[in-house]
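Residue numbers (this note's numbering), protein chains in the order written: chain A, 50 to 419; chain B, 65 to 295. Don't be surprised by glycine CBs; every beta carbon is placed ideally from N, CA and C. Structure first, commentary second.
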Amino acid sequence: MTRLSVDIQKHVGELQIAAEFESDVGGITALHGRSGTGKTSIVNMIAGLDTPDSGRITLGDLVLFDSNKGIDLPPHLRRIGYVFQEDRLFPHLTVRRNLLYGASRASHSDTVLNFDAVVDMLGIASLLDRQPHHLSGGEKQRVAIGRALLSGPEILLMDEPLVNLDMERRGEILPFIEKLRDATGIPVLYVSHATEEIIRLADIVVMISDGKSVAVGPVEDVMSRLDLRPLTGRYEAGAVLNVRVGEYSLDDGLSSLNFAGGALLVPQVDTPIGHDLRVRVRARDVSIALTPPHGISILNVFPGKILDMAETGTAQMDVLIDIALPGGIEPCPLWARITRRSATELKLETGLVVHALIKAVAIDRHSLGQ
Amino acid sequence: MISDIEIEVLRLSLKIAGWAVLCSLPFAVGISFLLSRRRFPGRFLLDGIVHLPLVIPPVAVGYILLLVLGRQGVVGGWLYDVFGVTLVFSWQGAAVAAAVMAFPLMVRAIRLSLDSVDQKIEAAAQTLGASPLRVFLTITLPLIAPGILTGTVLAFARALGEFGATITFVSNIAGETRTLPIALYTLLQAPGSEDAALRIVGISIALALLALLASELLARRVARRLSGEPS
């Protein structure tokens, strides 16, 4: 397992890039931030397609770039697989020859993957003798992923691989990315501005703002932080809970997800019982009651203590509630977005014990990550 | 139907034009690559020199060749002293003259297709472990094949029709440097050879049509291969 370590600076037009982070050894590290904040420039410098003004990049024991020592390894010696925003397939080669283009490097690499296994995993066996030209967008991107994997990379860079695909095609590719992480063990650096993809895929998030890495940490921490709210997006703001899939009730079609705050009831999830999941609960799907409510349709009610409150608009505010069960070791933060009037009428303040209400149907397939 | 002399002229023309194109092709690809992809001081000057034969009188080019490659010339003298080779009055000299005159056309066509190759695709090849040389041979070269083909056909046609620089540099020697246009010129100088001259014109037209047909067929095959339809 190889760790990527990055500490680079570069002027790109108006933007001053200063990125410093280390990748997760086995999982998916995400570079997250709005469009135009230098994410692509950072991955290009890691791949060697662009040169930093100064800094250092290492991959395991291998120094890829070091401005002090004058080291700048050309891209073809870096052992980095790169899946671009556009598929960038070779138009004059068949899918099979595209896939095998990097095989010569893979043959003297530690991370040799079986051709048939990769083709199987990506579901592209029927496309092998076709020309890229005749493939759909989703098929092209799957081939591009396979091509990068088969070049024997020690880390895989994926720069917004879904951005040029429609919703349906995205849903088609996402499971493959999860699968490749689980099946190949090759660490992935995944660039995306889409909160949904980050929650679903990432283990570690590197938050990028104006070219700078402003926060690095586990996805549930970074995506729940109030100070990063302007970067993670107001609409999508919320908390991420680590849950384990519990029993499924045949009678009403609900799955129970167990976490530090108790059991969250949601419409049936596909993940087998006993597996760990990440659930994003958006702040706007959570409301607050002072007493345990009766005669109400909402199934998920969790008592908790208010930790923090912040105004997020002229009429609304976000309330941070710790809903960990008594005796829990770690806090279990949940965000609720309510109107300022409600906050005033309920006399909400830090330290007050309240009840957080989550609508079960607000948790859908898009809110889940593995 | 076609006389021995006409066959000799035709064969000589094809030989000279063929060698001219064949030998200048690698240089044309190299210079096109420099002009399209590299930024270096003197790039504009190189561009100008390559295009010079297109804009100055062919006779002037022939004269410059004579000055440089003639037995008294800087390069020509050295070639004669070291290798005992002389280009003046030989078919090899005619090929050099044709090559120089056709070179700008070849470079223009190849450079145009190099400019249109998506360099992002070449970058992708690099990230798959391909060295710059391998990227050029396996990605760039196949993608500019249509441009190379166009450039070659254009240059071949230009070389076949070359007159001014050739007659100035290597003169008009039957069986050695008397190509189709020079043979035509010679016949027009002699009274009463109008019929023979017309026959040469006919051969030239037939040759041009054949070349066009061949290049069209080849171009279709290349295009099919690039777009991935079965050929």
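G151 of chain A reaches chain B at A189, T191, L192, G193 and A194, counting residues in chain order whose Cβ is nearer than 9 Å.
In the DSSP secondary-structure assignment, A405 of chain A is bridged to A:I337 and A:F351. Using a CB distance cut-off of 9 Å, T214 of chain B does not count as an interface residue toward chain A.
Between V61 of chain A and L80 of chain A, the C-beta gap is not smaller than 9 Å, which leaves the two residues out of contact.
At a C-beta separation below 9 Å, F139 of chain A has these neighbours in chain B: I185, A188, A189, T202, I203, P206 and L207.
Here DSSP, grouped into helix, strand and coil, assigns D325 of chain A to strand. Take the alpha-carbon of S96 of chain B and the one of L250 of chain A: they are about 45 Å apart. For T388 of chain A, the enclosing beta strand (DSSP E) stretches over residues P382 to T388. For K354 of chain A and N307 of chain A, the gap between their C-alpha atoms comes out near 20 Å. Contact fails between the region 150–157 of chain B and the region 205–214 of chain B, because fewer than three Cβ pairs, one in each stretch, are under 8 Å apart. The beta-carbon separation of N349 of chain A and L395 of chain A, rounded to 19 Å, does not stay under the 8 Å limit for a contact.
If you ignore the 5 residues before and after M366 of chain A, its C-beta comes within less than 7 Å of the C-beta of M358, A359, E360, I387, R389 and A392, all in its own chain and listed in chain order.
A distance of 9 Å or more separates the beta carbons of E203 of chain A and P224 of chain A. For V286 of chain B, the closest alpha carbon among the candidates B:A229, B:A223 and B:L205 is that of B:L205.
Counting only unbroken stretches of 4 or more residues, the alpha helix (DSSP H) elements lying wholly within the region 181–255 of chain A are 186–198, 216–233 and 244–250, in sequence order. For A286 of chain A, there is no enclosing alpha helix (DSSP H), since its DSSP letter is neither H nor E. M272 of chain A carries a coil assignment under DSSP once its states are collapsed to helix, strand and coil.
Here H115 of chain B carries a helix assignment [DSSP, helix/strand/coil]. S177 of chain B counts as buried, since no fewer than 16 other beta carbons sit within 10 angstroms of its beta carbon. In this structure, A223 of chain B sits near A162 of chain B, with a CB-CB distance shorter than 9 Å.
In the three-state scheme derived from DSSP, where H, G and I count as helix and E and B as strand, H60 of chain A is classed as strand.
DSSP places P121 of chain B outside both helix and strand once states are collapsed to three, so it counts as coil. In summary, P124 of chain A is buried, with 16 or more beta-carbon neighbours lying within 10 Å of its beta-carbon over all protein chains present. Here M366 of chain A carries a strand assignment [DSSP, helix/strand/coil]. Residue environment: Q183 of chain B is assigned as exposed (fewer than 16 neighbouring CB atoms within 10 Å of its CB, all protein chains considered). Per the DSSP secondary-structure output, P316 of chain A pairs in a beta bridge with A:L303. The beta-carbon of L98 of chain A is placed less than 9 Å from the nearest beta-carbon of chain B.
Membership of T399 of chain A in any alpha helix (DSSP H) is not indicated, and neither H nor E is assigned to it by DSSP. Linking A270 of chain B to Y249 of chain B through their CA atoms gives a straight-line distance of about 18 Å. Residue-level contact by beta carbon fails for R285 of chain B and chain A, as no gap is shorter than 9 Å. Proximity of chain A to R172 of chain B at the Cβ level (cut-off 9 Å) is not reached, the minimal Cβ distance being about 23 Å. Per DSSP, reduced to three states, the secondary structure at A359 of chain A is strand. DSSP places F114 of chain A in the uninterrupted beta strand (DSSP E) bounded by L111 to D115. Collapsing the DSSP output to three states places N291 of chain A in a strand.
In the DSSP assignment, the residues bridged to D121 of chain A are A:F114. Nearest to I372 of chain A by alpha-carbon distance, out of A:L162, A:Y150, A:A243 and A:V402, is A:V402.
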